[in-house]
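Trainee: Sharing a structure with you now.
Numbering (the numbering used here), first residue to last: 33 to 124.
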């Protein structure tokens, strides 16, 4: 029985192989890219927010490179982390 305090990620994508891990990371990076563009187009762009989003996007790019070389177990972990992060970002 699942712990009531633990998030249930079962409805999320079940990324398992290397390509799926890369897809998960790409989706998160794309989310950040879209938010950066939107912030830059704002009447008064928030430079701190742009920097925050850019840093998060750069981390995703680095994790994508790591996933490309990862073992299947590490790729699955990266995929799960990014699938959960994407869900959190979409819920904001």
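For every residue, glycine included, the Cβ atom is placed at its ideal position computed from N, Cα and C.
For clarity, every value in this text was computed on a predicted model and none was experimentally measured.
Please report the Cβ distance between residue 118 and residue 56, rounded to the nearest whole angstrom; I am assuming they are in contact, meaning their Cβ atoms lie under 8 angstroms.
Mentor: 7 angstroms
Trainee: In angstroms, rounded to a whole number, what distance separates the CA positions of residue 113 and residue 106?
Mentor: Distance between the alpha carbons of residue 113 and residue 106 is about 10 angstroms.
Trainee: List, from N- to C-terminal side, the alpha helix (DSSP H) runs of 4 residues or more that fit wholly inside the segment 67–120.
Mentor: 79–101
Trainee: If you check the beta carbons only, do residue 110 and residue 102 fall under 8 angstroms apart?
Mentor: yes
Trainee: Determine the direct distance from the alpha carbon of residue 100 to that of residue 73, and round the result to whole angstroms.
Mentor: 33 angstroms
Trainee: Have a look at residue 82 and residue 104 and give me their C-alpha separation to the nearest angstrom.
Mentor: Residue 82 and residue 104 have their alpha carbons spaced roughly 33 angstroms apart.
Trainee: Determine the DSSP secondary structure at residue 52, reduced to helix, strand or coil.
Mentor: helix
Trainee: Evaluate residue 78 with the Cβ neighbour count: other Cβ atoms within 10 Å of its Cβ, from every protein chain shown; 16 or more gives buried, anything less gives exposed.
Mentor: exposed
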